[in-house]
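Heads up: the structure comes next, in structure tokens.
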Amino acid sequence: MSSGRLLDLVVVLLYMAGMTYVGLRFAGRQTSTERYFVAKRSIPAWAIGMSLFATIVSSVTFIAYPGSGYSGDWSNLIPGLMMLAVVGLSGFVIIPFYREAVGMSAYEYFGKRFGRGARLYSSLAFALTHFTKMGFVIYLVALTITSLTGWDLYWVLVSTGIVTVFYSVVGGLEAVIWADVVQGFIMFAAILICLGYLFFLSPGGPAAALGLAWQNGKFSLGSLEPDLSKPTVLALATYGLFWYLQKYAADQTMVQRYLVAASHRKAIHGATFGAALCIPVWVLFMLIGSLVWSFYRLSGEALPVHITKADQVFPHFVGTHIPAGVAGLFIASMLAAAMSTLASDLNCLAVVGTEDFYRRFKPDSTDRQRLRFGKLCVTATGFLAVLSGLALAQAQGAALSNWFTATSIVSGGLAGLFLLAFLSTRATARGAWTGIVASILFTAWATLTVGARPLVDLGKYNFPLHDYMIGAVGHVVLVAVGYLASLVQVGEQPGSADLTLWGWFEKRKAARRMSQVGG
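Counting from 1 along the sequence shown, just add 976 to a position and that's the residue number in this note's numbering.
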């Protein structure tokens, strides 16, 4: 190993030791499920925001966003911008509603609204989606670091998994959140340092690099055509709106962050702060991709023949132009992005497993037994995520693609289910299940028939829109079919209106009237 790579390794090992310390720092406090899963609802708003930021910005972001900025323009920034719309339009309702409606699991709400089956389906859909993502995230970060450093892929993958599982198991959600805070600062530092090197390494300096990128349309946000069959601004915005609606309204990793705050106000501030952190980071990653493109054209430096994809160029730049030690900080930031996502998923999967399954089928269990089961869930899912990453390292591309396709079909529609439950006072359990089935069937048809080379070619009956639209239309199908089915089916009464937006508004009005009378 060269002296440069050795220095990078020292930086990475120091980072790993720091994460281990965070877990040990909070280990002695984890004596109840209230502490282990929701940190006794005592996390400050700024830390919640940092945790949300670190969880959303994964190692995929470190690769995909610069790759997108390098190969094309900034159009893939559009979905992320819709996060602000979701937080602004619904965050001030959804966050306090969840804090009043559920204890620890977001899917408790679906159970109250549509029965036990809906709760189990939604929690299983969440678990399936996030478990699949964990294996991919840990594999991708190991693959990228290996290509950058030459380190053994399996060593990187396994060590990343072991450290993440350790601090998640022993320290609970408190350790996960405070590790997220540290990881967030590391990510910011690495991004700014890499950006500085790009500006001043480019021949002609920042002005030349930015000017060349601007002249070649690298900062464009895409086509304004009203066309949903192409990746236009409209298609990307629609995709982003529904993606972040599902994230903020029906994803345990987000809802759990709402629940750890001491008050509604602090939870809202935390969510807003997290969104405000994500946007500039995405912009900086896009800018990095554009500047890397300018650097190689201004310098005349040729890329090696093994660099065949845009996603590979930025890691190659770091490995060949960023000094030793500083490159180690970038590697640590990639690990931080991956580990923050993994740790959040591990803790949330443990909540879902404990609250939605174990507690349901063993209602007489004690809090100590549930705590023990939760820790077992973190350990088991972490171990399986590492095995999944190792399997992906061996799997052929077709097998990986087919697995992702299957999970996306089965687990879609949670945002639609939330909208049906939250907005309709007439929606019933049967109607919801009809909508779920319709959404799954639609998603299967659209996923299999979309694109120029579909998996199943039905000719003129193929899905006609861009693949970004599959999720959005799937949510609309669930709401529309679920609502209509609720209207035409007889013999079943809708659930309590108190669990809808309108009932929640009425309760808030009544509470204000009572406080005025009391005052």
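Glycine is no exception: its CB is placed at the ideal position from the N, C-alpha and C atoms.
Only a predicted model underlies this, so the values are computations on that prediction, with no experimental measurement involved.
Extent of the continuous alpha helix (DSSP H) run through Ser1099: 1092-1125
Distance between Gln1288 and Thr1009 (C-alpha atoms, nearest Å): 42 Å
Per-residue burial, Gly1276 [other beta carbons within 10 Å of its own, 16 or more giving buried]: exposed
Short CB-CB distance (under 8 Å) between Ala1487 and chain B: Among the chains of the structure shown, chain B does not appear; only one protein chain is present.
Buried/exposed call for His1282, threshold 16 Cβ in 10 Å: exposed
Length of the line joining the Cα atoms of Ala1166 and Leu1305: 6 Å
Integer-rounded CB distance, given that Phe1218 should sit under 8 Å from Ala1448: 4 Å
Ile1054 in three-state terms, based on DSSP: helix
Enclosing alpha helix (DSSP H) for Phe1439 [first to last residue]: Counted as a single uninterrupted DSSP element, the stretch harbouring Phe1439 is not any alpha helix (DSSP H), since DSSP gives it neither H nor E.
Spatial distance of Thr1120 from Leu1133 (CA atoms): Whole-angstrom Cα-Cα distance: 11 Å.
Neighbourhood of Gly1056 by C-beta, 7 Å cutoff - its chain only, sequence neighbours within 5 removed: Gly1216, Cys1254, Ile1255, Trp1258
Candidates Ser1341, Val1354, Leu1390, Gly1358: closest to Thr1136 by CA position: Gly1358
Nearest neighbour of Phe1161, chosen from Pro1072, Leu1200, Ile1114, Ser1027 [CA to CA]: Ser1027
Buried versus exposed call for Ala1225 [16 or more other C-beta atoms within 10 Å across all chains shown]: buried
Endpoints, alpha helix (DSSP H) assigned at Asn1323: 1302-1327
Beta-carbon proximity list for Ser1077, same chain, < 6 Å, skipping 5 on both sides: Inspection of the sequence shows that residue 1077 is occupied by Ala rather than by Ser. Counting only Cβ-Cβ distances below 6 Å, and skipping sequence neighbours, we find Tyr1085.
For Ser1066 and Gln1465, the rounded distance between their alpha carbons: 30 Å
Residue ranges of each alpha helix (DSSP H) within the region 977-1032, 4 or longer: Runs found: 979-1003, 1009-1014, 1021-1032.
Whether Leu1212 touches Ile1446 by CB criterion (8 Å): no
Straight-line Cα distance separating Pro1299 from Gly1187: 26 Å
Extent of the continuous alpha helix (DSSP H) run through Phe1261: In the DSSP annotation of this structure, the continuous segment of the alpha helix (DSSP H) that includes Phe1261 starts and ends at 1240-1275.
Reduced DSSP secondary structure (H/G/I, E/B, other) of Ile1283: coil
Cut-off 7 Å between Cβ atoms - residues of its own chain near Val1113, not counting five sequence neighbours on either side: Ser1034, Ser1035, Val1036, Ala1314, Thr1317, Leu1318
Start-end ranges of the alpha helix (DSSP H) lying completely within the region 1413-1487, minimum 4 residues: 1445-1464
Rounded straight-line distance, which links the Cα of Pro1179 to that of Val1232: Reading off the sequence, residue 1232 comes out as Gln, not Val. Each residue's Cα considered, the two are about 48 Å apart.
The region 1259-1276 touching the region 1092-1101, judged by at least three CB pairs closer than 8 Å: Using a Cβ-Cβ distance cut-off of 8 Å, the region 1259-1276 and the region 1092-1101 are not in contact, since fewer than three pairs of beta carbons, one from each stretch, lie closer than that value.
Endpoints, the alpha helix (DSSP H) within which Tyr1130 is located: 1129-1177
Nearest neighbour of Pro1042, chosen from Ile1264, Phe1349, Leu1454 [CA to CA]: Cα-wise, what sits closest to Pro1042 is Ile1264.
Cutoff 6 Å; reference Tyr1046; Cβ partners in own chain excluding five residues on either side: Closer than 6 Å at Cβ, skipping near neighbours: Gly1265, Val1268, Trp1269, Ala1286, Val1289.
Own chain, CB closer than 7 Å to His1240, minus 5 neighbours either side, in chain order: Ile1071, Pro1072, Arg1075
The region 983-999 contacting the region 1141-1151, beta-carbon criterion three pairs below 8 Å: yes
Cβ separation of Ala1361 and Phe1102, assumed to be a contact under 8 Å, to the nearest whole Å: Taking a contact as a CB-CB distance under 8 Å, the pair Ala1361 and Phe1102 does not count as one, their CB atoms being some 15 Å apart.
Straight-line gap, Trp1421 to Ala1428 (C-alpha atoms, nearest Å): 15 Å
Given 8 Å, three or more beta-carbon pairs between the region 1327-1338 and the region 1181-1200: no
Gly1250 beta carbon less than 8 Å from that of Ile1024: Between Ile1024 and Gly1250, the C-beta spacing is below 8 Å.
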